[in-house]
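J.:
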Amino acid sequence: MKWFTLLILPLFCFVFYGAYLFQYDLKIIPQELVSQHPYGFYDYKGVLNIHTRESTGSGTHKEVIRAAQDAGLDFISITDLNDFNPDNSLEAYYDNVLVFIDGEYSYLNSRLVNLFATSTEHLHGVGRSQVFFNDLLNSNPKPEDAGMLILAHPFKQGYTWSGDYPIGLDGIEIINLKQIWQHAWLTRKMSFLWSLLIFPFNDRLAFIRLVEDMKDEVALLDELSQTRHRVGISGADAEARFLFGEVSWIRFPSYETLFSISTNHVLLRSELTGNEKSDREKISQAIRKGSFYISFDILANPKGFNAVLRSANGRVSTMGSELKWEEGMQLEIDLPHKPNVPFDVDIYKDGELMVVSNSKRTVFQVPGPGVYRVRVRVIPTFPLPDGKRWVPWIYGNPFFLK
């Protein structure tokens, strides 16, 4: 009887704790508050870097699209690994989700996400494409029909870049969801295993507790932005498969779960209309320009956030803008709602922290030329054993002032 009690008591406690976790909400912003588009803009969210069973993923295109619909996304980019003959006939609207067919490709020891290419002239198999990618990476500007070249998971073990970063690189992944949990496994095994245990009770909490500030990735973006216009994206690297060894796998976490964690929010001056051609152009140009921010939506809906530059004459410029600095310029940052937990709105210039604000609206007089960007972070209260700590919520793309 004593042994039975010793066995059943921990199990009972874990189930009781699981029931507590099931209803636990980090409550960054009260759920009853409705988020609206920021003034003068329209906010549309999407997920980039998704794999189907055509490469390393577990789902069909149809299943991925259905998951995107269920997650309330406006657009997705499917980037099957080393697919040198992408089926662009799949590019279309599926109800309210606009689908892009792009690609992720092996280059040397790294991976490149190739977005919005309208030509396949540079896609000739793993071997020959190395030459074409090398030419594109060393060209600035490069042909627009070759699309954007984004460095995937720049600090992932075994995939780090060797040597100088090429001038033709258009940006990097600031967030890569797969890299987050893999890094946690390599550096914080007990924390990772605890997340696995609580995942069945609260999948959102299980993931967000593994998130740390993307210090290395953001520092790299700051460095690269000193030489030319670059952007930072959130990549899901979604596969919905968890490997056991090298063969067997299960669908975990699901595409829908991954699509709810982190997204890219493009900010447009006019609404999407449902016209595939014009909407595709609007979204792709906004991402090329850097007129978007990335967010851990799992913490709270960021819709309503914006950061703009206002010139002395009243002209408003979006994130990603390249401008000549003028006296009287100010950076204006608006949050959708004031978080009900401690938070910081941080303004960086050339990688150095300039200002920390704790206001829903922040206005900063821009002192001179430089590369400026915004980060918002919060301190939610996690269930024991975690407690309180800083977690990033929003990363804005840079402004480039000459």
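Per numbering that gives the first Met the number 0, the sequence shown runs over residues 0 to 401.
Just so it is clear, CB atoms sit at the ideal spot from N, CA and C, and this is done for glycine as well.
Let me confirm a value: serine 269 is counted as buried when at least 16 other C-beta atoms fall within 10 Å, else exposed. Which label applies?
T.: By one-based count along the sequence shown, residue 269 stands at place 270. By the 10 Å Cβ count, serine 269 comes out exposed.
J.: Whole angstroms are fine: how far does the CA of glycine 124 sit from the CA of valine 344?
T.: Along the sequence shown, read from residue 1 onward, the residue named residue 344 stands at position 345. Along the sequence shown, read from residue 1 onward, the residue named residue 124 stands at position 125. So the two alpha carbons sit approximately 45 Å from each other.
J.: Do alanine 239 and glycine 56 have their CB atoms nearer than 8 Å?
T.: The residue labelled residue 239 in the question sits at position 240 within the sequence shown. The residue labelled residue 56 in the question sits at position 57 within the sequence shown. Yes, the pair counts as a contact, with Cβ atoms nearer than the cut-off.
J.: How many angstroms separate the CA atom of asparagine 48 from the CA atom of glycine 102?
T.: The residue labelled residue 48 in the question sits at position 49 within the sequence shown. The residue labelled residue 102 in the question sits at position 103 within the sequence shown. Each residue's Cα considered, the two are about 8 Å apart.
J.: Pull up the CB-CB distance for alanine 145 and leucine 135, whole angstroms please, since I reckon it's below 8 Å.
T.: Taking the sequence shown and counting its residues from 1, the one referred to as residue 145 is at position 146. Taking the sequence shown and counting its residues from 1, the one referred to as residue 135 is at position 136. Indeed, because the Cβ distance is near 5 Å, the residues count as touching under 8 Å.
J.: How many Å lie between tyrosine 254 and methionine 213 at the Cα?
T.: Taking the sequence shown and counting its residues from 1, one reaches residue 254 at position 255. Taking the sequence shown and counting its residues from 1, one reaches residue 213 at position 214. The straight-line gap from Cα to Cα measures roughly 23 Å.
J.: Where do the ends of the alpha helix (DSSP H) carrying tyrosine 158 lie?
T.: Here the question's residue 158 lines up with position 159 in the sequence shown. Where tyrosine 158 is concerned, there is no enclosing alpha helix (DSSP H), given that its DSSP letter is neither H nor E.
J.: Roughly how many whole angstroms lie between the Cα atoms of isoleucine 166 and tyrosine 93?
T.: Counting from 1 along the sequence shown, the entry for residue 166 is found at position 167. Counting from 1 along the sequence shown, the entry for residue 93 is found at position 94. Going by the C-alpha atoms only, they are around 36 Å apart.
J.: Grouping DSSP H, G and I as helix and E and B as strand, with all else coil, what is phenylalanine 132?
T.: Locating residue 132 in the sequence shown gives position 133, counting from the first residue. It is helical.
J.: Using the rule of at least 16 other Cβ atoms within 10 Å of the residue's Cβ for burial, across every protein chain shown, is asparagine 300 buried or exposed?
T.: Translated into the one-based positions of the sequence shown, residue 300 becomes position 301. Burial call: buried.
J.: What does DSSP give as the partner residue(s) for lysine 348 in the beta ladder?
T.: Counting from 1 along the sequence shown, the entry for residue 348 is found at position 349. Paired residues: Glu351 and Tyr371.
J.: Using C-beta distances below 7 Å, list every residue in its chain close to valine 246, excluding the 5 sequence neighbours before and after it, in chain order.
T.: In the sequence shown, the residue the question calls residue 246 occupies position 247. Unreliable positioning characterises valine 246 in this predicted model, as indicated by a pLDDT of 47, which lies under 50. The coordinate reading is nonetheless provided below. Correct list: empty, nothing qualifies.
J.: According to the neighbour-count rule (16 or more other Cβ atoms, all chains shown, within 10 Å of its Cβ), is glycine 244 buried or exposed?
T.: Counting from one through the sequence shown, the residue named residue 244 turns up at place 245. For glycine 244, the pLDDT reaches just 47, beneath the cut-off of 50, and the residue's location in the model is therefore unreliable, although a value from the coordinates is still provided. Counting Cβ neighbours within 10 Å, glycine 244 comes out exposed, since fewer than 16 surround it.
J.: Measure the alpha-carbon distance for tryptophan 389 versus proline 341 and round it to whole angstroms.
T.: The sequence position of residue 389 within the sequence shown is 390, counting from 1. The sequence position of residue 341 within the sequence shown is 342, counting from 1. Whole-angstrom Cα-Cα distance: 9 Å.
J.: Buried or exposed for tyrosine 38, going by 16 or more other Cβ atoms inside 10 Å?
T.: Within the sequence shown, residue 38 is the residue found at index 39, counting from 1. Label assigned to tyrosine 38: exposed.
J.: Would you kindly work out how many angstroms separate the C-alpha atoms of leucine 97 and lysine 61, rounded to a whole number?
T.: For the purposes of this step, residue 97 is identified with residue 98 of the sequence shown, where counting begins at 1. For the purposes of this step, residue 61 is identified with residue 62 of the sequence shown, where counting begins at 1. Straight-line Cα distance between these residues: approximately 13 Å.
J.: What's the gap between the Cα of isoleucine 149 and the Cα of aspartate 349?
T.: Along the sequence shown, one-based indexing puts residue 149 at 150. Along the sequence shown, one-based indexing puts residue 349 at 350. When rounded, the distance between both Cα atoms is 21 Å.
J.: Consult DSSP for tyrosine 254 and reduce its assignment to one of helix, strand or coil.
T.: Taking the sequence shown and counting its residues from 1, the one referred to as residue 254 is at position 255. Helix at tyrosine 254.
J.: Give a yes or no on whether the C-beta atoms belonging to isoleucine 173 and valine 217 are separated by under 8 Å.
T.: Indexing the sequence shown from 1 puts residue 173 at position 174. Indexing the sequence shown from 1 puts residue 217 at position 218. Cβ atoms of isoleucine 173 and valine 217: closer than 8 Å.
J.: Measuring CB atoms only, is the segment 314-325 touching the segment 59-75, in the sense that at least three cross pairs come out at less than 8 Å?
T.: These segments do not touch.
J.: Any idea what DSSP makes of phenylalanine 243, helix, strand or coil?
T.: Numbered from 1 along the sequence shown, position 244 holds the residue referred to as residue 243. Its pLDDT being 45, under 50, phenylalanine 243 is placed unreliably in this model, and the coordinates cannot settle the point.
J.: How many angstroms separate the CA atom of glycine 303 from the CA atom of tyrosine 43?
T.: For this step, residue 303 is matched to residue 304 along the sequence shown. For this step, residue 43 is matched to residue 44 along the sequence shown. Roughly 11 Å separates the two Cα atoms.
J.: Could you give the DSSP three-state label for isoleucine 378: helix, strand or coil?
T.: Here residue 378 corresponds to residue number 379 of the sequence shown, with the count starting at 1. If DSSP states are grouped into helix, strand and coil, isoleucine 378 belongs with coil.
J.: Going by the beta-carbon positions, is the gap between isoleucine 260 and phenylalanine 206 smaller than 8 Å?
T.: For this step, residue 260 is matched to residue 261 along the sequence shown. For this step, residue 206 is matched to residue 207 along the sequence shown. Their beta carbons are under 8 Å apart, which means isoleucine 260 touches phenylalanine 206 by this criterion.
J.: In the DSSP assignment, find the unbroken alpha helix (DSSP H) run with valine 186 in it and report its ends.
T.: Position 187 of the sequence shown, counting from 1, holds the residue named residue 186. The identity of residue 186 in the sequence shown is threonine, whereas the question assumes valine. First-last of the alpha helix (DSSP H) with threonine 186: 176-186.
J.: Beta strand (DSSP E) containing lysine 44: first to last residue?
T.: For this step, residue 44 is matched to residue 45 along the sequence shown. That run of the beta strand (DSSP E) goes 41-49.
J.: Leaving out five residues on either side along the sequence, give the residues of the same chain with a beta carbon under 7 Å from the beta carbon of asparagine 305.
T.: By 1-based counting over the sequence shown, the position of residue 305 is 306. The residues are Pro37, Phe40, Leu266 and Asp333.
J.: Under a Cβ-count criterion, where at least 16 other Cβ atoms within 10 Å of its own Cβ denotes burial, should lysine 188 be classed as buried or exposed?
T.: By one-based count along the sequence shown, residue 188 stands at place 189. Exposed, since its Cβ has fewer than 16 Cβ neighbours within 10 Å.
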